[in-house]
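Q: With the sequence shown counted from 1, adding 2 to any position gets you our numbering. Don't be surprised by glycine CBs; every beta carbon is placed ideally from N, CA and C. Only a predicted model underlies this, so the values are computations on that prediction, with no experimental measurement involved. This structure is in structure tokens; I'll ask about it shortly.
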Amino acid sequence: MAFDHPRNVRRLAVVGGGPAGLMAAEVARAAGIAVDVYEAKGSVGRKFLIAGKGGLNLTHSEAMPEFARRYREREHDIAGWLRDFGAQELREWARGLGVDTFVGSSGRVFPMDLKAAPLLRGWVRRLRDQGVRFHAQHRWLGWHEDGSLRFAAAEGEARVSADAAVLALGGGSWPQLGSDGAWQSLLNERGIDVAPLKPANCGFDIDWSEHLAGRHAGAPLKPVVAHWSDLQGREHMLQGECVVTASGIEGSLVYAICADLRDAIARDGSTLLHLDLAPGRERSRLREALAKPRGSRSFSEHLRRQAGIGGVKAALIHETLDKSQLGDAGRVADTIKRLPLVLRRPRPLAEAISSAGGVRLEAMDDALMLATLPGVFCAGEMLDWEAPTGGYLLTACFASGYRAGQGAVSWLQARR
Numbered sequence: 003m004a005f006d007h008p009r010n011v012r013r014l015a016v017v018g019g020g021p022a023g024l025m026a027a028e029v030a031r032a033a034g035i036a037v038d039v040y041e042a043k044g045s046v047g048r049k050f051l052i053a054g055k056g057g058l059n060l061t062h063s064e065a066m067p068e069f070a071r072r073y074r075e076r077e078h079d080i081a082g083w084l085r086d087f088g089a090q091e092l093r094e095w096a097r098g099l100g101v102d103t104f105v106g107s108s109g110r111v112f113p114m115d116l117k118a119a120p121l122l123r124g125w126v127r128r129l130r131d132q133g134v135r136f137h138a139q140h141r142w143l144g145w146h147e148d149g150s151l152r153f154a155a156a157e158g159e160a161r162v163s164a165d166a167a168v169l170a171l172g173g174g175s176w177p178q179l180g181s182d183g184a185w186q187s188l189l190n191e192r193g194i195d196v197a198p199l200k201p202a203n204c205g206f207d208i209d210w211s212e213h214l215a216g217r218h219a220g221a222p223l224k225p226v227v228a229h230w231s232d233l234q235g236r237e238h239m240l241q242g243e244c245v246v247t248a249s250g251i252e253g254s255l256v257y258a259i260c261a262d263l264r265d266a267i268a269r270d271g272s273t274l275l276h277l278d279l280a281p282g283r284e285r286s287r288l289r290e291a292l293a294k295p296r297g298s299r300s301f302s303e304h305l306r307r308q309a310g311i312g313g314v315k316a317a318l319i320h321e322t323l324d325k326s327q328l329g330d331a332g333r334v335a336d337t338i339k340r341l342p343l344v345l346r347r348p349r350p351l352a353e354a355i356s357s358a359g360g361v362r363l364e365a366m367d368d369a370l371m372l373a374t375l376p377g378v379f380c381a382g383e384m385l386d387w388e389a390p391t392g393g394y395l396l397t398a399c400f401a402s403g404y405r406a407g408q409g410a411v412s413w414l415q416a417r418r
């Protein structure tokens, strides 16, 4: 089956109904382009809704150029997107939908009600009112020989002809919400340079003992300071919070340094992360306190009283040191300040908050059009970039959708 449009209007097919795709649709429709959005699931924005379940972190208040540095190797490219549609523009856009935002204590930006659903509902309603047409349960299958798009739909295979297309198919994390990375093979068949998808903003496996895993899974570690080395051997440190899991460790602190840890494991087979369990306390003072006679008190009670270390932090000390080492105050103090954790592997891609890898930016022009497929643009998490949580992920998705939408409009208008 095919969808008919007026012949005198340029048509854009947007494949994928996440923030990047919807933003591209909005930009194109505002320019008078006929826009159809095709979504594999029953409704658009499912990952966006889940991401906002605990409080939608829309963007971050951090100023440029620090904001752009969060995108690591892609800092220069994404800085260009952000100049067109950055954090402030995103907040103003939300306000235009009746959603005011505020800056939290960490600098993160949230809607006043912290919810994603009202924002998404208002956005989709406005897009429909503007004439954007939505086609749910349309899974993209690639192209026909004549360049038309193929979709698997409830009624059978759909054949869609459009003057241009924006692919915004997501990465490979949370496949149950639609981002399953199945598009990789379709682009590879067309000779598009795609970097393999890897987990980003994910946890890591550690070979815990059954005792620690069984008794302390879910326990928070806060505050702690992480110490690690990047691939160039440079030392880094960052304070934050994380969580012990049954398989290892996860949480905001781990996500923030995930890329370095993941890449080190890929190169070396494992990597070492050190945690300072007592930030602000000097090692020498800890050693003096722990060297005091403990009398009839247990080691755990002595550790709690003299070093303020209890619960899961104490369990990690027991996990690291044997009985003879627990009697050495200096060794215990050293371990408190530099607890060694051997990270064996990142958690699977399907569990990650986001993914790294994707369509290499070098395969596209500045408007995010594929060099070997004129009229086909890509946006969102399917592009080869990554960022930590904190609003940076969503901001770049919106910004790339804006850039791809503008690119599609310019390309279509030049061919009238």
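Residue range of the alpha helix (DSSP H) that Asp-262 falls in?
A: 260-270
Q: Would Gly-382 and Gly-82 qualify as a contact pair, given that the criterion is a beta-carbon distance under 8 Å?
A: Pairing Gly-382 with Gly-82 gives a Cβ-Cβ distance that is not under 8 Å.
Q: Going by C-alpha distance, which of Leu-275, Met-114, Ile-80 is nearest His-238?
A: Comparing Cα positions, the closest option is Leu-275.
Q: By DSSP, does Met-3 sit in helix, in strand, or in coil?
A: Reliability of the predicted coordinates at Met-3 is poor, the pLDDT of 34 falling under 50, and no value is obtained from them.
Q: Do Val-314 and Val-246 have their C-beta atoms within less than 8 Å of each other?
A: yes
Q: Determine the extent of the alpha helix (DSSP H) in which Arg-110 is found, giving its start and end residues.
A: Element bounds for Arg-110: not the alpha helix (DSSP H) but the beta strand (DSSP E), 110-113.
Q: Rounded to a whole number of angstroms, what is the C-alpha to C-alpha distance between Ala-416 and Ser-402?
A: Their Cα atoms are separated by approximately 21 Å.
Q: Going by alpha carbons, who is nearest to Trp-95 out of Ile-80, Arg-161, Pro-113, Ser-107?
A: It is Pro-113.
Q: In angstroms with no decimal places, state the Cα-to-Cα distance between Asn-10 and Ile-35.
A: 10 Å
Q: If you draw a straight line from the C-alpha of Met-384 to the C-alpha of Val-196, how long is it?
A: 9 Å
Q: Buried or exposed: where does Lys-339 fall if 16 or more other Cβ atoms within 10 Å of its Cβ makes it buried?
A: buried
Q: Out of Thr-374, Gly-360, Gly-377, point me to the one whose CA is closest to Gly-183's CA.
A: Gly-360
Q: Extract the residue ranges of the alpha helix (DSSP H) inside the region 133-165, only unbroken runs of 4 or more that lie entirely within it.
A: none
Q: Could you tell me whether the region 67-78 touches the region 46-55, where touching means 3 or more Cβ pairs closer than 8 Å?
A: no
Q: When the distance is taken between beta carbons, is Gly-407 closer than 8 Å to Ala-26?
A: Against a cut-off of 8 Å, the Cβ pair of Gly-407 and Ala-26 comes out as a contact.
Q: Write down the C-beta distance between Gly-54 and Ala-118 rounded to the nearest angstrom, noting that I regard them as a contact closer than 8 Å.
A: 3 Å
Q: Check each candidate in Ala-15, Asp-278, Ala-258 and name the one with the smallest Cα separation from Asn-203.
A: Ranking Ala-15, Asp-278, Ala-258 by Cα distance to Asn-203 puts Ala-258 first.
Q: Give the straight-line distance between the Cα atoms of Ser-286 and Lys-224, rounded to the nearest whole angstrom.
A: 22 Å
Q: First and last residue of the beta strand (DSSP E) that includes Ser-231?
A: 222-231
Q: Can you tell me where the beta strand (DSSP E) holding Arg-13 begins and where it ends?
A: 13-17
Q: Would you kindly work out how many angstroms separate the C-alpha atoms of Pro-201 and Ala-155, rounded to a whole number?
A: 30 Å
Q: Only counting the same chain, and skipping five residues up and downstream in sequence, which positions put a Cβ closer than 8 Å to that of Leu-305?
A: The residues are Leu-292, Ile-311, Gly-312, Ala-316, Ile-319, Val-334.
Q: Can you tell me whether Glu-75 is helix, strand or coil according to DSSP?
A: In this structure, Glu-75 counts as helix in the three-state DSSP scheme.
Q: Enumerated in chain order, which unbroken segments of the beta strand (DSSP E) with a length of 3 residues or greater are wholly contained in the region 12-65?
A: 13-17, 36-40
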